[in-house]
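Chains as they are written, first to last, in numbering that gives the first Met the number 0: chain A, 0 to 332; chain B, 0 to 332; chain C, 0 to 332; chain D, 0 to 332. Everything on this sheet refers to the single structure shown next.
There are 4 protein chains.
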Amino acid sequence: MLRVGLLGAGRIGLVHAKAISAHPQSKLVAIADVVKESATKLAGQYGAEARSNEAVIGDAAIDAVLIATSTNTHSDLIEAATRAGKAVLCEKPVDLSLARAQACRAAAAATGRPVMIGFNRRFDPNFAALKAAVDRGEIGKSELLSITSFDPAPPPVAYVQGSGGLFRDMMIHDFDMACWMMGSAPQTVTAIGTSIVDPEIGNAGDVDTAVVTLRFADGRIAVIKNSRRAAYGYDQRIELLGAEGLLSAGNVLENTVSKATKAGVVSAKPEYFFLERYMRSYAAEWAAFVEAVNTGSAVPVSLDDGVNALAIAEAAALSAKTAATVAMASVIN
Amino acid sequence: MLRVGLLGAGRIGLVHAKAISAHPQSKLVAIADVVKESATKLAGQYGAEARSNEAVIGDAAIDAVLIATSTNTHSDLIEAATRAGKAVLCEKPVDLSLARAQACRAAAAATGRPVMIGFNRRFDPNFAALKAAVDRGEIGKSELLSITSFDPAPPPVAYVQGSGGLFRDMMIHDFDMACWMMGSAPQTVTAIGTSIVDPEIGNAGDVDTAVVTLRFADGRIAVIKNSRRAAYGYDQRIELLGAEGLLSAGNVLENTVSKATKAGVVSAKPEYFFLERYMRSYAAEWAAFVEAVNTGSAVPVSLDDGVNALAIAEAAALSAKTAATVAMASVIN
Amino acid sequence: MLRVGLLGAGRIGLVHAKAISAHPQSKLVAIADVVKESATKLAGQYGAEARSNEAVIGDAAIDAVLIATSTNTHSDLIEAATRAGKAVLCEKPVDLSLARAQACRAAAAATGRPVMIGFNRRFDPNFAALKAAVDRGEIGKSELLSITSFDPAPPPVAYVQGSGGLFRDMMIHDFDMACWMMGSAPQTVTAIGTSIVDPEIGNAGDVDTAVVTLRFADGRIAVIKNSRRAAYGYDQRIELLGAEGLLSAGNVLENTVSKATKAGVVSAKPEYFFLERYMRSYAAEWAAFVEAVNTGSAVPVSLDDGVNALAIAEAAALSAKTAATVAMASVIN
Amino acid sequence: MLRVGLLGAGRIGLVHAKAISAHPQSKLVAIADVVKESATKLAGQYGAEARSNEAVIGDAAIDAVLIATSTNTHSDLIEAATRAGKAVLCEKPVDLSLARAQACRAAAAATGRPVMIGFNRRFDPNFAALKAAVDRGEIGKSELLSITSFDPAPPPVAYVQGSGGLFRDMMIHDFDMACWMMGSAPQTVTAIGTSIVDPEIGNAGDVDTAVVTLRFADGRIAVIKNSRRAAYGYDQRIELLGAEGLLSAGNVLENTVSKATKAGVVSAKPEYFFLERYMRSYAAEWAAFVEAVNTGSAVPVSLDDGVNALAIAEAAALSAKTAATVAMASVIN
């Protein structure tokens, strides 16, 4: 039984608390949050104890720590927890600063403890099925990947201001997805961004709509489209063109009902947002982490993967600003 | 070049005139109609001559006659045309009286001339593709066939009164389709009918909604659903369950556009009615007729097929009236 | 907190044990099974106690009993449990004998205790969404209902022999669904059955493929198709034609991935069987039962509904045997 | 009756000959081709006369000229035909040289004769329906357009060498489509190209896979994906995200049949190539030209539109070469 401490009892913390508790091989023993009442309330629901971050990390009886705190604390907590010998699952992004994330990676590596980054979408059953088909060679050599990733509604501007921007906050999921699907990291990044959904987002210095093209060393291309608003719900689709065909993963719809009338044929919308669409992926993510820790095998999404996605985000932000393609080599060094 | 006379310049006559003219190996030379103006007008459009039925059938320079007149004239015209040595393509049904249709079949057979019945749906590219897949054994032994066949809107009651009723007028297409798909004629017929779309249809002694089940000698089953009204357009679908899978032919939609909004995802309706949905099937039907006549091979839909479908319609009408399954043997003898 | 005893620890008992335990307002306290080891094992998993049926029913501290035993014990256990003051949720069918089920209904009614029958499909989110749309009048007056219900593979003949036959064992779900969707019970039943999937099923006196047509007093029609085999998985679909349109509930697919190659476009199959497809419906069913018991409101699926579906099954079996439509009035009296 | 001369009797000339002849208000009177036998053969089929380009253009009895010759002759023929007073429909692209196309535009404008460019995809019923929905405001303000345009198989390298490259030869259709859908011309162009389908194409100095992003003055974005190979057929799709929803136009499939087996559910592929997919669009394009000429209204796709699309292609080629965004202003001046 893996004894787990949860750092962060916000919206995503609730999701993880449920997954940890539901897993037959893990037990949620302690929860910390800057808002003590949140930790206390959640701890009460799951028979855990509310504590400080330090008390969680310092407890020798705790095997693993799940970090779901605000982004600016991720690197410090990863370092502290691995130093204390914990296995770690940390939400994305590793950090908003690439340099800090790289330093964190080095520090964590020195401890030898496993650190997994929460790119949960890899565990979505649909995307995982697509990836498995690619790996089985069902469409031959992959050539052109397209990711559509639209949120249902823009976040408050206050959130945007502290988010690190669309590339680091939102598209980072898609950067990881692209690297995973293509089986490697890109060589160059070309980004176009605009603020047409909400002018306040533009005023805050961010974009709300963006298209990024990644070019891989062997000439393959991935294109990612992000928008902060899709009136019809969470639009999460992937298409991969290969030498022998096209694989597509469509949206998960609210139900299978359709209605045909004079006005046309109406079917259900996509699930509204990530809590609905990706609930199963969070459970599968946690199961994969427990499995890796229990068997001593490599975590399926490494801290390296987290740093890599962040580096692409940094390159994308630079490309959007300079209106020129950015070589990854210039960002990583 | 097959020289063709067209009998009947009504709605379906127009469709055939176009198909005859467009075919590179046939030429429309004469048109007859009880309404002379209709024949004259249509003849003008296609460079043909307006004549009487007799003048068409009596013309030695005409090779083939297409009969698209009112149903009560079909048998007489088939007999007259074959007697005059013409190849014949006649619209469905052969007749409203099974006995008369059987007599017509005998008379036509005696002439040795080819008579094809216009069950055009066999030539719909979708249904034809489904049939080809069945014949290739793609779902193994067929077991349970389902035909959905709904008109967009009920016809005027005046039409219903002269139509022979839903089973002989409308479902006769589906009876032929079922026999063709299953590769044989049914042994028993069980029918349920009701008038819930338009009470005037019920008052006229007919039904507007019906379900008929056909049982074949080897135990296979076909079920046909008809309604005189589908607010969303012409609903024409087939499903065939076999030992190894299910084949389905869906509707042809007006276009491929869909719109996702807060209200759901709206896509296009089925094509509105048979003129839209089955236009290609009429051209393919005519091509098959020309091919059979030119090569001397058997027509793909025989007068036997027409009589057979009519017999099933008669059995269905009887079953609906008696609330009991009817053996085809009792109807045919 | 509703304290619950579970009778029956077989395949469906496991499903219910999970649902009872996962619900925040119910607690699984005791489990009985004719195979003691099964009860003991399941009780161990959920922190419950293994007991005899009598010890569960006789325990004053137990509020509700879920009956998931073999069909021939249902009526006795419903009577015993309600007599002991328990609220009851019983799996379908109530009994294989209509007379026995009617007697059970009378006995249970005399106790005033709530008895709900496990027609779980009413709680499938897709069918429930379709029903809600009907009730909102989205397609006007309903006219023609079609239910497709195919199992992935036929059961062992030994199961078939004790099952009461396809109409009582399998199609009974669809009879309940039809009555629920149409908002009333049928007036007549017309059935056709055949054994073409597995001759052993025919030898055992049962059918494996059947089509049943229900006619309601106001002329509306429902048609139900059952097959014991669909090579592609569990096929569970509903279509309802109304005056203003058509509502359809399609299958739930294994994932949303499709692959386009030279061979065509391949998408995922339906979920394999009821454990996959209807898992959410069992949880929703249990929640509805807890809600009804807690609030004292009527259970959403009554013992009457269970008896009604069984009566239709009896009529269907009779119709299939006599090749004639059967009036429900002749079966119920 | 519009009397028409056709210049060019190659593959696309055949398509136009058919459309011209089928239209009730136009007559194909003369055909020219550098390969005289081609002109003679096609003229024979349609009762037209085979002549030289000069003899067609010089014939005062000819009202309109359709130019379907090789690209390097387009500008000269547009100038000659308009100078001779003809209305002109010319295949895309106007020219491979932007300067030459601009000069041609000026010369043609001076004659006052109508010149329409053959961006036939605007007349595809699906794309036209999508555009109409946008114009009706069905998704509010448009924000992000995506065009997927994949050919089924790469052309011979010899063709590629004379084609002007993927951007001028293939993606030019999509540039026009993007401008039409967005209702304006882009401000900047960012292109990424690669040769991964066929190394011979790369050796010839061209790309076979490319992604181009257009940015409009008001911040809206269009992204276009091209590949020279889609093993499953011609992939022609459009998606437009707006403030209130998403409009999508999917592929036209070969038929509506699907097959469900253990291996999944297989449906039909997209129509194989432009002759199948866009046949209706060519007829509609011709009808629109005839209508404009007959009524004296503006042609729906102007020579300006042709020059504009070519300018974007030039910018895209430059952007792909320089790895930087290109401002349209720098290309047009």
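No residue lacks a Cβ here, since even glycine has one placed at the ideal position from N, Cα and C.
Nearest-angstrom Cβ-Cβ length linking residue i and residue j, presumed shorter than 8 Å
i: A/K85; j: A/F118; result: Not really, about 20 Å apart at Cβ, beyond 8 Å.
i: C/A54; j: C/D32; result: In fact, because the Cβ distance is near 12 Å, the residues do not count as touching under 8 Å.
i: C/V222; j: B/V210; result: 5 Å
i: B/V256; j: D/A248; result: 5 Å
i: A/A129; j: A/M181; result: Position check: residue 129 of chain A holds Leu in this sequence, whereas Ala was assumed. With a Cβ gap of about 12 Å, A/L129 and A/M181 do not count as contacting.
i: B/Y277; j: B/R120; result: 7 Å
i: C/L76; j: C/T68; result: 6 Å
i: D/K258; j: B/A132; result: 6 Å
i: A/G232; j: A/V93; result: Between A/V93 and A/G232 the Cβ distance is about 29 Å, and since that is not below 8 Å, they are no contact.
i: D/T260; j: B/E253; result: About 30 Å separates the two Cβ atoms, so there is no contact after all.
N-terminal and C-terminal residue of the alpha helix (DSSP H) that residue i is part of
i: A/S337; result: No answer is possible for residue 337 of chain A: the residues shown for chain A start at 0 and end at 332.
i: A/K40; result: K35 to Y45
i: C/M278; result: M278 to T294
i: D/S20; result: R10 to A21
Reference residue i; option with closest CA among the options
i: A/G164; options: A/A242, A/V114, A/L95 and A/G241; result: A/L95
i: C/R167; options: C/M0, C/V3, C/L317 and C/R2; result: C/L317
i: C/V298; options: C/N52, C/V306, C/A287 and C/N307; result: C/A287
i: C/A308; options: C/D134, C/T72, C/Q186 and C/A79; result: C/Q186
i: B/V64; options: B/A100, B/V114 and B/Q101; result: B/V114
i: D/T193; options: D/D205, D/S183 and D/S266; result: D/D205
i: C/Q24; options: C/L88, C/E142, C/V292 and C/F215; result: C/V292
i: A/I195; options: A/M170, A/F174, A/A216 and A/A229; result: A/A229
i: A/G46; options: A/G4, A/V34, A/E78 and A/R82; result: A/G4
i: B/I19; options: B/L302, B/V289 and B/A310; result: B/V289
i: D/A407; options: D/A132, D/S226 and D/G43; result: Residue 407 of chain D lies beyond the stretch modelled for chain D, which goes from 0 to 332, so this question has no answer here.
i: D/L240; options: A/R82, A/K224, A/S141 and A/Q160; result: A/K224
i: C/K320; options: C/S183, C/S37 and C/V188; result: C/V188
i: B/A328; options: B/R219, B/V34 and B/R214; result: B/R214
i: A/Q160; options: A/I146, A/G201 and A/E275; result: A/G201
i: A/H421; options: A/I116, A/K35, A/A323 and A/A190; result: In the structure as shown, chain A starts at 0 and stops at 332, and residue 421 of chain A therefore has no counterpart that could be examined.
i: D/A322; options: D/A283, D/A314 and D/I191; result: D/I191
i: D/G111; options: D/L97, D/A98, D/C89 and D/T81; result: D/T81
Listed by chain order, chain G residues near residue i by CB distance under 9 Å
i: B/E137; result: Any reference to chain G falls outside this structure, whose protein chains are A, B, C and D.
N- and C-terminal bounds of the beta strand (DSSP E) containing residue i
i: A/R337; result: An answer regarding residue 337 of chain A cannot be provided, because it is not within the stretch 0 to 332 covered by chain A.
i: B/E142; result: S141 to F149
i: B/S25; result: S25 to A31
i: B/M115; result: V114 to I116
i: B/R50; result: E48 to R50
i: D/G192; result: T187 to T193
i: A/A63; result: A63 to I66
Runs of beta strand (DSSP E) wholly within the segment 204-268 of chain D (minimum 3 residues, chain order)
208-214, 220-226, 234-241, 244-248, 256-260 and 263-266
With 9 Å as the limit, tell me which residues of the segment 262-274 of chain A have their beta carbon closer than that to any beta carbon of chain B; keep them in chain order.
A262, G263, V264, V265, S266, A267, K268 and P269
Taking beta-carbon pairs under 9 Å, can you tell me which members of the segment 143-155 of chain A lie near chain D?
L143, S145, T147 and F149
What residues in the segment 217-233 of chain C have a beta carbon less than 7 Å from any beta carbon of chain D?
A230 and Y231
Can you list, in chain order, the residues of the segment 165-196 of chain D whose Cβ is nearer than 8 Å to any Cβ on chain A?
T187, T189, I191, T193, S194, I195 and V196
Proximal residues, the segment 34-64 of chain C versus chain A, C-beta separation under 8 Å:
none
Could you name the residues of the segment 4-38 of chain D whose beta carbon sits closer than 7 Å to any beta carbon of chain B, in the order they occur along the chain?
none
Which residues, in chain order, does the segment 299-331 of chain D contribute to contact with chain A at a C-beta distance below 7 Å?
A322, A323 and T324
Residues of the segment 231-258 of chain D with a CB closer than 9 Å to any CB of chain A: list them in chain order, please.
Y231, D234, E238, L240, G241, A242, E243, G244 and L245
Positions along the segment 201-217 of chain A whose CB lies within less than 7 Å of some CB in chain D
T208, V210, T212 and R214
Interfacial residues, the segment 102-136 of chain A to chain C, with Cβ spacing under 8 Å
P124, N125, A128, L129 and A132
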